[in-house]
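Note that the numbering used here has the sequence shown beginning at 70, numbered continuously upward.
Structure first, commentary second.
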Amino acid sequence: MSRGRGFFLCALAALSPVLIASEGETRAPAGTKATEAVAETVVERGAPALSTSLSPALFTAIFSWGDADGDGRLDLAAVSLAGKLQLLISAGDDRFEDVTEQVGLGQIENATLASWADYDGDGRLDLFVGAQAGASSLFHNEGGTFTEMSAGCGLSCEGAVQSAQWLDHDGDGRLDLFVVLIDESGNAVSSRLFRGLEGGYFERVELPFSGSVEVPGLGGPWPRMDEEDAGVLGAPLAPRSPGGKGRPSGRSQVEGASADDLAGSSQSQGRIALGSPSIPYGLGAQIGCANSIVDQAKAGACIQGSSLPALGKLYPLSNNLFVAVGGNVGIGTTNPTAKLHVAGSARVTDKLTLAPSGDTALDVSTGSIYKAGALFLHTKGGAGNTALGNQALGSVTSGFQNTAEGYRALFSNTTGERNTASGSQALSSNTNGDGNTASGAFALFTNTTGGFNTASGYGALYSNTSGSGNTAIGDSALVYNTTGFGNTASGARGLALNTTGSNNTASGESALFSNTIGAGNTAGGAFALSSNTTGAFNTASGYGALYSNTVGSGNTASGDSALAYNTTGNGNTASGARGLAHNTTGNDNTASGDSALFSNTTGKNNTASGIHALHSNTTGSGNAAHGRKALYSNTSGINNTASGNAALFYNTTGAHNIALGAGAGLYLTTGSANITIGNYGLPGDTATTRIGAVQTRTFIAGIRGAATGIANAIPVLIDSAGQLGTTFSSRRFKQDIRDMDDATERLLELRPVLFRYKQEQTLPGNLVVPPEYGLIAEEVAEIFPDLVVYDEEGKPLTVKYHLLGAMLLNELKKLSAEHAREMGDLRRRLAALEAQLR
């Protein structure tokens, strides 16, 4: 056909690689003979669709067909001579889409071939890619993407790959891989068989090799096997998954074999058909045919008996297979007692279905069930033992009432009693420990003599040896505990690093994660006490509570990140999210409320109750804050007491302050020894007492009717600012001292009055309020303005009655002097009159 319009396809065996030349000729891989398959031409309508999907570098390529996405259409894996891999997914209508990069195969650039097979039986075709040099790759089909799995599953193949064939050589129902490697000259130099294991793993089997051989119909050269090793590979089968789930991506064309013989059907999967005239690859000779046993489903098919052991023949015929008159079949016996009676070993390489009409499906009267030569299901040892799994309870002697389920579960147990292990290698090292329960792979793996431990989760209590009474629930919980006892860990990695610490309780992911020898700690919440190593008797409840604590002891933290950064501080109590969060070495602090004492680092003996109470405190000590944001800004101030919402809010370094009430002392900053009750205070206050703000009446008990009992009592005055105090009379406090003289001459103009206050009512019992004595402030203001106190509006409010005494004394002295002068005048005048009368 014309260039650019199409190309030829050539098919060989099941998924065997072929070369397609861009010029239309069929080419064999380097170092191989040309195949004898017939090329078929792609129809003209489909050719452009596929050719435009292919990279130009792939017009000379090795193709492998398979249904990669399980949509029922064949897809194409193509390898260029340069080694580039390309995956084309059929989009229908003879069109293909290049998905190489999207599915994760774009990095392959040194391939020699690609081969499809469902090696793990998950129903999706996986892809083996042989390398030109270095390591070949096995890609697992994840249902949309491919993951390289060769190293992880044990299929490590180094060298230049000439060919690769999937087959079930040992008849165990799992696919194996046969690979031929070549040297730089293209000569086959070695062959390798990768035997499929349970779970999608492989083990390498070295095959004898002595040159190469050509197999009719399969090309060559292929590795030659010694005569005694012939047949090691069995029949070449289509690469179908166990149970026939996968889609075969091709057929083996073997000389002398029909398509039905080798197409990978469920009838021939994993076995050689009786009487088949085919030459299975690796056998080297055709099986003989005689009328010893006849296959009624296929005329003329038979298998030959023999008086000597021979490959493919029954020996001895009379004892090997016997059909009794009643229809019972005996293998190894001429007296079968059941429909199938096997006197000796039996092997089933495919599914064994038990469908009894009664209750008993499997009855093992004596002995045990082995898997691959290892104990699998048994009741050995003392009474009441149950073991299910490869080598489970494999060493038991006299231990009784043990239950082991999983690979090597309780493997080393000899005399231990009443243990329960479920999971691969759970309690594997236990020898004589009693009453342990392990659920999960490697749970209590190292335990030897420890008793009454409970471990649930992968690796839980993994390192425990003789520790007893521990409970670990979660992945790697108490994983490094060795001899510690009485610990409880619930959550992944809880108490993971604990070794000898005892009586600890950790609930939550990574709770008490780093604890090693600390004892008596309780942690509830993810990462609670996560860094604790030797600290003891701490209690942490909440995500990250006491997270950084290492050696601090006697701390209690309840709430998200409470005491999160505490390291060595002791005796602290934090209740509430982020309470005492930054405390490191501070001791004996109590914080209750969200972010209470949040910034405290080394301060001690502080008490904070309320959201953000003492929030900014770092080194201040002896403070007590009760209420939302009380003492919020305090950093280093000491011995302050604040009770009420935002009480002493702005105080930073002030000390010995007392604030009671919402906002009490709000504006105090650095002043000390202040007392504020229901008053905001002022920034510069120091040693100041403020009670109340806007009140009109004050009642204080214990004043009226109570004498001080001390003769030096003085009256209390109040100024216009509301400050209480008294007056000083000492010369030490006065200046500009002079006589009043005539300053009080109008004093007698003041009008004393009797009055009652307007707001006064009758007393209880309808008693009339007695009159008051005093002056009228307005009248006084007209005569002595300075003797009057004015309100905020400048109106007369009251009279400074305490000043009237001195003023009256001045006037009295003046009157006394005048009286003395007048009396002197009168005496003189009287004396003069008396003298005249004589």
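In this text, a Cβ means the ideal position worked out from N, Cα and C, and glycines have one as well.
On a predicted model such as this, the values are computed, not experimentally measured, just so you know.
Please state the DSSP three-state secondary structure of residue i.
{"i": "threonine 403", "result": "coil"}
{"i": "histidine 681", "result": "coil"}
{"i": "tyrosine 842", "result": "strand"}
{"i": "proline 854", "result": "helix"}
{"i": "aspartate 810", "result": "helix"}
{"i": "valine 45", "result": "For the chain, the structure presents residues 70 to 907; residue 45 sits outside this window and is missing."}
{"i": "arginine 264", "result": "strand"}
{"i": "glutamine 470", "result": "coil"}
{"i": "arginine 562", "result": "coil"}
{"i": "histidine 410", "result": "strand"}
{"i": "serine 705", "result": "coil"}
{"i": "aspartate 245", "result": "strand"}
{"i": "serine 885", "result": "helix"}
{"i": "leucine 735", "result": "coil"}
{"i": "serine 335", "result": "Low per-residue confidence applies at serine 335: pLDDT is 33, beneath 50, and the placement is therefore not dependable enough to give any value."}
{"i": "lysine 314", "result": "At lysine 314 the pLDDT is 35, less than 50, meaning the model places this residue with poor confidence; the figure from the coordinates comes in the next sentence. It is coil, neither helix nor strand."}
{"i": "glutamate 903", "result": "helix"}
{"i": "leucine 457", "result": "strand"}
{"i": "valine 908", "result": "Given a span of 70 to 907 for the chain in the structure shown, any question on residue 908 remains unanswerable."}
{"i": "valine 548", "result": "coil"}
{"i": "valine 822", "result": "strand"}
{"i": "leucine 866", "result": "strand"}
{"i": "arginine 273", "result": "strand"}
{"i": "valine 417", "result": "coil"}
Classify residue i: buried if its beta carbon has 16 or more other beta carbons within 10 angstroms, exposed otherwise.
{"i": "alanine 407", "result": "exposed"}
{"i": "methionine 218", "result": "buried"}
{"i": "arginine 562", "result": "buried"}
{"i": "glutamine 155", "result": "buried"}
{"i": "valine 785", "result": "exposed"}
{"i": "phenylalanine 596", "result": "buried"}
{"i": "proline 405", "result": "buried"}
{"i": "aspartate 860", "result": "exposed"}
{"i": "valine 417", "result": "exposed"}
{"i": "alanine 426", "result": "In the sequence as displayed, the identity of residue 426 is serine instead of alanine. So serine 426 counts as exposed."}
{"i": "arginine 766", "result": "exposed"}
{"i": "glutamate 891", "result": "exposed"}
{"i": "arginine 193", "result": "buried"}
{"i": "arginine 936", "result": "Any property of residue 936 remains undetermined from this structure, which presents the chain solely from 70 to 907."}
{"i": "glutamate 474", "result": "buried"}
{"i": "glutamate 887", "result": "exposed"}
{"i": "leucine 236", "result": "buried"}
{"i": "glutamine 460", "result": "buried"}
{"i": "asparagine 635", "result": "buried"}
{"i": "histidine 871", "result": "exposed"}
{"i": "phenylalanine 986", "result": "The displayed coordinates of the chain run from 70 to 907. Any statement about residue 986 would go beyond what the structure contains."}
{"i": "alanine 733", "result": "buried"}
{"i": "tyrosine 719", "result": "buried"}
Per DSSP, which residues does residue i bridge with? Please list them.
{"i": "leucine 530", "result": "Its beta-bridge partners do not exist; DSSP assigns none."}
{"i": "alanine 711", "result": "Ala694, Ala728"}
{"i": "alanine 147", "result": "Phe132, Gln155"}
{"i": "phenylalanine 667", "result": "Note: phenylalanine 667 sits in no beta bridge, so no partner."}
{"i": "isoleucine 586", "result": "According to DSSP, which records beta bridges pairwise, isoleucine 586 is partnered with nothing at all."}
{"i": "serine 579", "result": "DSSP, once it has assigned bridges, lists no residue as partnering serine 579."}
{"i": "serine 525", "result": "Ser508, Ile542"}
Return the Cβ separation of residue i and residue j in integer angstroms, given the expectation that the two are a contact with Cβ distance under 8 Å.
{"i": "threonine 603", "j": "glycine 587", "result": "5 Å"}
{"i": "serine 481", "j": "serine 493", "result": "At roughly 14 Å, the Cβ-Cβ gap does not stay under 8 Å, so serine 481 and serine 493 are not in contact."}
{"i": "glycine 526", "j": "asparagine 539", "result": "About 13 Å; that fails the 8 Å criterion."}
{"i": "alanine 643", "j": "serine 627", "result": "7 Å"}
{"i": "arginine 261", "j": "arginine 243", "result": "Contact doesn't hold; Cβ gap of about 17 Å is too wide."}
{"i": "leucine 21", "j": "leucine 246", "result": "Residue coverage of the chain in this structure runs from 70 to 907, which leaves residue 21 outside it and unanswerable."}
{"i": "glycine 696", "j": "asparagine 675", "result": "About 15 Å; that fails the 8 Å criterion."}
{"i": "histidine 651", "j": "serine 668", "result": "5 Å"}
{"i": "glycine 199", "j": "alanine 180", "result": "6 Å"}
{"i": "alanine 147", "j": "phenylalanine 165", "result": "No, alanine 147 and phenylalanine 165 are not in contact; Cβ-Cβ is about 10 Å, not under 8 Å."}
{"i": "alanine 510", "j": "alanine 495", "result": "7 Å"}
### Task
Run through the stretch 157 to 236 for me and flag every whole beta strand (DSSP E) of 3 or more residues, listed as ranges in chain order.
164 to 167, 180 to 186, 195 to 200, 206 to 210, 215 to 217, 229 to 236
### Task
For the stretch 767 to 802, list the beta strand (DSSP E) runs that are entirely contained and at least 3 residues long, ordered along the chain.
none
#### Entry: Whole runs of the beta strand (DSSP E) within the stretch 469 to 515, excluding any shorter than 3 residues
472 to 474, 489 to 491, 506 to 508
### Query
Residue ranges of each alpha helix (DSSP H) run of no fewer than 4 residues wholly in the stretch 601 to 670, ordered along the chain?
none
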